[in-house]
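Heads up, the thing below is written out as structure tokens.
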Amino acid sequence: MPLSGRVAVVTGAARGLGAAIARELDRRGAKVALLGLEPQELAHVAASLRHEATWCQADVTD
3 MPLSGRVAVV
13 TGAARGLGAA
23 IARELDRRGA
33 KVALLGLEPQ
43 ELAHVAASLR
53 HEATWCQADV
63 TD
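Quick note: the sequence shown, position 17, residue 19 per the numbering used here, numbers continuous.
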């Protein structure tokens with residue numbers, strides 16, 4: 003499913019499953035907002051994406 007023009011917010015995007023989901027959303031054309039606890043890892047994931055991406059250090063736990 004193409005996601006061009008859509009924006010996706012991915013939590014836990016610094017590594018593992020969150021990073022993989024972010025890469026897949028990017029592959030499908032979405033702009034991705036990456037949230038996670040590790041700024042260096044988030045920046046690395048954002049730099050690896052082809053489409054517009056931004057990141058923010060955030061803790062979304064209760």
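From the three backbone atoms N, C-alpha and C, an ideal C-beta is built for every residue, glycine too.
message: Here's a check: name, in chain order, each residue in its chain whose Cβ is nearer than 8 Å to the Cβ of Leu-5, leaving out the five neighbours to either side.
response: As a first step, residue 5 must be located in the sequence shown, where it is residue number 3. Same-chain partners within the cutoff: Leu-27, Arg-30, Gly-31, Ala-32.
- prompt: What does Leu-37 pair with, by DSSP beta-bridge criteria?
  reply: In the sequence shown, the residue the question calls residue 37 occupies position 35. Paired residues: Thr-13, Cys-58.
- request: Look at Leu-51 and Ala-15 and say whether their C-beta atoms are less than 8 Å apart.
  value: Here residue 51 refers to the residue found at position 49 when the sequence shown is read from its first residue. Here residue 15 refers to the residue found at position 13 when the sequence shown is read from its first residue. No, these two residues do not count as a Cβ contact at 8 Å.
- prompt: What is the DSSP secondary structure of Ala-32, reduced to helix, strand or coil?
  reply: Working through the sequence shown from its first residue, we reach residue 32 at position 30. Note: Ala-32 maps to coil in three-state DSSP.
field: For Ile-23 and Gln-59, the rounded distance between their alpha carbons
entry: Locating residue 59 in the sequence shown gives position 57, where the first residue counts as 1. Locating residue 23 in the sequence shown gives position 21, where the first residue counts as 1. Answer to the nearest angstrom: the Cα atoms are 17 Å apart.
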